[in-house]
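Report on the structure given below.
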Amino acid sequence: MNLELLKRGLGAQRRGALIWGAALLFLTGTVLAVWPSMSDSGSLDSLVSGMPPELIAALGLESLASPAGFLNGNLFALLLPLLLGALGIMHMASLAAGDEDAGRLELLLALPVSRVSVYLSRFASVVIVLAAVALLVGATIVVSAAALEMELDSVGVIAASTSVLLLALFHAALALALSGIGLRSGVVLGATFGVLILGYLIQAFVPMVASISDLVAISPWHWALGEAPLENGFDLGGSALLILGTLVLLAVGLATIRGRTIRTA
Amino acid sequence: MAPIIYCEKLVKRFGGFTAVRDLDLSLEPGTVLGFLGPNGAGKSTTIRMLLGLSRPSSGSVRLFGEDPLRNRAVRARVGYSPGELRLDERLTVAATLRSWTRLRGGVDEAYRDRLIERLGVQVDRHVRGLSTGNRRKLALVGALMSRPELVILDEPTNGLDPLVQDEFMAILEEVTATGTSVLLSSHILSEVERIADRVVVIRAGEVVADEPKDTLRRGAVQEYRAVFAGVLPDPSAVMALSGARSAEAWQPNELRIEWAGPPRDLLRLLAEYDLASLTAPEPNLETAFMSYYRTDGTRAAKEDVR
């Protein structure tokens, strides 16, 4: 790890982090803002009454009328993990494979810095950005819930935000691992987004088919959200799986970048 | 003392294409090695292996006796300006230099500022808005500012205007006078001629000549122009001599001959005729260099020069 490299990693993400942070906050604020009118009208459950139960479950809309169910259906089941994951993937791919594609690693790696230190510092800068955005979103929800008198467990919000953050970091680490192997940035982005979306589809739809429902266990989304952290608090098993997966992917990225030829632009 | 750069049987393949083939190279401390070759000859690929940016397919490469791919500390002793220059567009020039200074450590800041001054680097600009030449100047300051023991320059004056080119070559002469070793890769022969002690010529990934500069210059294929008062010698008679590369009647009274090696046999033949004048331009590296790049085989040219 290298402080100067960490700072430059953060500097490179400044603009993206601001835009995405603001967008996620806006989304969160909008969802929270409609809660009072929606809950007062009592019409939330009727919104989904026409849908097949499988679809309702897939979209996380089972108990839309409760505060936790409302936030889960509108934020935590799909949008927040997807958007924070996308932010992590794009920033990590850009800092690793993207910089190599652009030929910017050439001058950097001719300096007396190790490749492991470059990758590690850049991953750490992505961790910081994602954690800051997740913290901001989580804190906004906790504070707003209190103001709106929503019956919401703060520990659940923190647990769910943490799960979403870990899920995003897992995919960022995947982007780093694929960059380390030497794939171009476009391929890294495609593959990692593919895993992100496939993971969601498996977690959402596989449980509906009884014969293959056990397969849901391979989805990182299931590790993160399978135990409904917003309602039930921290799920240590799932979090541990995500952290372990992240560390393994990080190790793959660091091991593969070490001895190989750096691409020229 | 052990050589600073040492490559033995170095090979780099990209798929089926061999970019560098059985390359031997060595650079002794305190010398300036000119690394000549046309674009695509394998100069940059070799340099990238020297710096540990590229993994050799086979053979060995040593920088200060170390494997540059495994030992990052050895790069602290090297300053590098790449041929394909890609800077971080997001930074200002000043921030770029600050960042390099922090990452490298041991930068002589007074010296760095003097280099900035002499090359006319505009530190308050954004990298994104810099011209090719101004980017190049920034990279050159970066390569020299830590007063490294070895400077590796890949086409360093590419994009510089002639005045800055000259100033940079003057700086480089000062640097080498203090004992710094330089690997200067270039296709600009006058640069290499100005500061190199030794010249390696590479073609299609292979070394075709590795000689002290003066030897190379002397061994060059040389053009002679002989003007006669009377009849010309028959060009085929000239071509029968072993040093002749070409012979052509130019004017009614002039013969132009390309000749490699000592001209004794040629002079003996010409003297049998009524020779009015004989001129030969000062041999330079350019003619030597060109002689390696004729369409006829490199091996023949190489052996003739020796």
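Quick note, the sequences are listed as chains C and B, same order. Note that my numbering numbers the first sequence so that position 35 is 35, with each residue one more than the last. Note that my numbering numbers the second sequence so that position 268 is 533, with each residue one more than the last. We put the CB at the ideal spot given by N, CA and C, even for glycine. Being a predicted model, the structure only gives us computed values, none of them experimental.
Counting the other CB atoms within 10 Å of its CB gives N304/B a total below 16, which places it among the exposed residues.
For E106/C, the closest Cβ of chain B is nearer than 8 Å. Given a length threshold of 3 residues, each whole run of the beta strand (DSSP E) inside the segment 366-452 of chain B is given here in chain order: 415-419 and 446-451.
P477/B: member of the beta strand (DSSP E) spanning E471 to P477, first to last residue.
Beta bridge pairing from DSSP links I270/B with L292/B and L328/B. Between L290/B and V465/B, the CB-CB gap stays under 8 Å. Under the 8 Å criterion on CB atoms, D389/B is classed as non-interfacial with respect to chain C. Neighbours of E349/B across chain C, judged by C-beta separation under 9 Å: G103, E106, T264 and A265.
Around G245/C, the same chain offers F170 as residues with beta carbons nearer than 6 Å, after the five sequence neighbours per side are excluded. Nearest to L87/C by C-alpha distance, out of P52/C, V118/C, G21/C and A58/C, is G21/C. Counting along the chain, the unbroken alpha helix (DSSP H) around R14/C starts and ends at L3 to S41.
DSSP, reduced to helix, strand and coil, places V276/B within a strand of the structure shown. If you check the CB distance, S239/C and S163/C come in under 8 Å. In the DSSP assignment, A541/B falls within the beta strand (DSSP E) that extends over L540 to T544.
V113/C reaches chain B at R337, R340, L368 and R369, counting residues in chain order whose Cβ is nearer than 9 Å. Listed along the chain, the chain B residues whose CB falls inside 9 Å of the CB of G9/C amount to none; the nearest CB is some 11 Å away. By the C-beta density criterion, V496/B is exposed, having fewer than 16 other C-beta atoms within 10 angstroms. Unbroken alpha helix (DSSP H) runs of no fewer than 4 residues, entirely contained in the segment 460-522 of chain B, are found at 478-483 and 500-504, following chain order.
Assigned with DSSP and collapsed to three states, T361/B falls in helix.
Going by beta carbons, L403/B and V440/B fall outside the 8 Å limit.
Scanning D426/B, V406/B, G444/B and A512/B for the CA closest to the CA of E382/B turns up V406/B.
Residue-level contact by beta carbon fails for D287/B and chain C, as no gap is shorter than 8 Å. The beta carbon of R412/B is closer than 7 Å to those of D373 and Y376 in its chain, skipping five residues each way along the sequence. Interface with chain C (8 Å Cβ-Cβ cutoff): S319/B is included. Judged by DSSP in its simplified three-state form, V209/C adopts coil rather than helix or strand. Taking C-beta atoms as the reference points, S121/C and G237/C fail to come closer than 8 Å. When 7 Å is used as the limit between beta carbons, L316/B is near these residues of chain C: A110, in chain order.
With the rule of 3 Cβ pairs closer than 8 Å, the segment 32-41 of chain C counts as touching the segment 142-150 of chain C. Interface with chain C (8 Å Cβ-Cβ cutoff): D353/B is included.
In the DSSP secondary-structure assignment, W524/B is bridged to Q487/B and A509/B. Excluding sequence positions up to five before and after G324/B, its CB lies within less than 8 Å of the CB of C272, E273, K274, L275, V276, D287 and L288, all in the same chain and listed in chain order. For T544/B, the number of other beta carbons within 10 angstroms of its own is below 16, and it is reported as exposed. In this structure, the alpha-carbon of M410/B lies about 35 Å from that of T283/B. Interface annotation for the segment 404-425 of chain B against chain C: A404 and G407, criterion Cβ-Cβ distance under 8 Å.
Pairwise C-beta distances place the segment 511-521 of chain B in contact with the segment 474-494 of chain B, as three or more of them are shorter than 8 Å.
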